[in-house]
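Chains as they are written, first to last, in our numbering: chain V, 356 to 468; chain G, 741 to 855.
Beta carbons are placed, not taken as given, at the ideal position from N, Cα and C, and that holds for glycine.
Computed from a predicted model, the values in this text were never measured in an experiment.
I have placed the structure first, in the form of structure tokens, so that the comments after it can refer back to it.
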Amino acid sequence: DQQVKQNSPSLSVQEGRISILNCDYTNSMFDYFLWYKKYPAEGPTFLISISSIKDKNEDGRFTVFLNKSAKHLSLHIVPSQPGDSAVYFCAASGHGANSKLTFGKGITLSVRP
Amino acid sequence: NAGVTQTPKFQVLKTGQSMTLQCAQDMNHNSMYWYRQDPGMGLRLIYYSASEGTTDKGEVPNGYNVSRLNKREFSLRLESAAPSQTSVYFCASRIDGAAMNTEAFFGQGTRLTVV
């Protein structure tokens, strides 16, 4: 059973526009959510995170929104840049037995110049 | 400050051969993880170690063994490699996944091909 779901495998947006990447989760014990960015032939790098006590966290062009009742989070990138083209992974964790990081399948974002 | 270092970066094995993937971190992290990445499958957890001296199975542990040699090092062993284990393997570490909400840091990956 997939506990973290990224149902759209790819997204293409125009440079300067907003990119919205979605993620859903099923485990109600998750209380910490992260987004990672991955370029080809490199390891994933941490982008932004949010704790379940918040519903929004912003860092420059990147904002993560959390809707706990819907078990849904999204990553907004504004404005999108060609260098943002990469695979984005959503991840979640909790405490104790749920402390390991569980990842979704990833979304490939392409930003067109 | 190297972060998380994986060796080797590339490896080709014949079916049935064994090998060990090495991982070391210099951030004094308690938790370490091994993931594999396959097309369309995302990052799947193979094994993890919440602290020195403990290891636990993840989502896809079959065909693998791990050793948490000390706080710095966490190795992944394939005893008898199979073509289904062709993948990119990532090691990661985290300050203390069980007690603190923090991000994990990843190595550069090992691309393994089993023929």
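Using a beta-carbon distance below 8 Å, is Y380/V in contact with chain G?
-> Residue-level contact check: Y380/V does not touch chain G, since none of the beta carbons of chain G fall below 8 Å from its beta carbon.
Can you list, in chain order, the residues of its chain whose CB lies under 7 Å from that of G461/V, leaving out five sequence neighbours each side?
-> A distance below 7 Å between beta-carbons, with the five flanking residues on each side excluded, links G461/V to the following residues of its chain, in chain order: Q361, V442, Y443, F444.
P801/G to Y787/G span [Cα, whole Å] | Between P801/G and Y787/G, the C-alpha separation is close to 6 Å.
Give a yes or no on whether 8 Å exceeds the smallest Cβ distance from L783/G to chain V.
-> Yes, because at least one Cβ of chain V sits closer than 8 Å to the Cβ of L783/G.
Please report the Cβ distance between S407/V and D386/V, rounded to the nearest whole angstrom; I am assuming they are in contact, meaning their Cβ atoms lie under 8 Å.
-> With 8 Å as the limit, S407/V and D386/V qualify as a contact, their Cβ atoms being about 4 Å apart.
From what residue to what residue does the beta strand (DSSP E) around Q777/G run?
-> For Q777/G, the enclosing beta strand (DSSP E) has its first and last residue at 771-778.
Return yes when the Cβ of S820/G is within less than 8 Å of the Cβ of S807/G, no when it is not.
-> No. Outside cutoff.
Around the C-beta of G849/G, are 16 or more other C-beta atoms found within 10 angstroms, so that it is buried, or is it exposed?
-> Sixteen is the threshold: when 16 or more other Cβ atoms of the shown chains lie within 10 Å of the Cβ of G849/G, as they do, the residue is buried.
Between D696/G and N412/V, what straight-line distance do the alpha-carbon atoms span, to the nearest angstrom?
-> Residue numbering for chain G in the displayed model covers 741 to 855; residue 696/G lies beyond these limits and cannot be assessed.
At a CB-CB cut-off below 7 Å, which residues of chain V make contact with Q848/G?
-> By Cβ distance, chain V contributes E397, G398.
Taking the alpha-carbon positions, what's the F388/V to I405/V distance?
-> Cα to Cα, the separation comes out at about 5 Å.
Terminal residues of the continuous beta strand (DSSP E) containing K431/V?
-> The identity of residue 431/V in the sequence shown is His, whereas the question assumes Lys. Start and end: 427-432.
Return helix, strand or coil for S404/V, following the three-state DSSP convention.
-> The answer is strand: DSSP assigns S404/V an E or B state.
Looking at C-alpha atoms only, which residue of S365/V, A396/V, S448/V, V419/V is the closest neighbour of F458/V?
-> Checked all of S365/V, A396/V, S448/V, V419/V; the closest Cα to F458/V is S448/V.
Using 10 angstroms around the beta-carbon of P399/V, count the other beta-carbons present and answer buried if the total reaches 16, otherwise exposed.
-> Around the Cβ of P399/V, a 10 Å sphere holds 16 or more other Cβ atoms; the residue is buried.
Inter-residue spacing [alpha-carbon to alpha-carbon] between K749/G and S424/V = When rounded, the separation of the alpha-carbon atoms in K749/G and S424/V is 42 Å.
Identify which residue in E799/G, Y804/G, T794/G, S824/G has its Cα closest to the Cα of N810/G.
-> Taking only the C-alpha atoms, the option nearest N810/G is T794/G.
Limits of the beta strand (DSSP E) - the one that K455/V falls within = K455/V: not part of any beta strand (DSSP E); DSSP gives it neither H nor E.
Given K393/V, which residues of its chain have a CB within under 8 Å of its CB, disregarding the five upstream and five downstream residues?
-> Excluding positions up to five away in sequence, the list reads P399, T400, A441, V442, Y443, F444, G461.
Looking only at its own chain, which residues have a Cβ that is under 8 Å from the Cβ of L783/G, when we skip the five neighbours before and after it?
-> So the qualifying residues of the chain are Y775, R776, Q777, F830.
By the criterion of Cβ-Cβ separation under 9 Å, what are the contact partners of Y773/G in chain V?
-> Per Cβ cutoff of 9 Å: K455, L456.
Give a yes or no on whether the minimum CB-CB distance between T793/G and chain V is below 8 Å.
-> According to the sequence displayed, residue 793/G carries Gly and not Thr. No, G793/G does not count as interfacial toward chain V.
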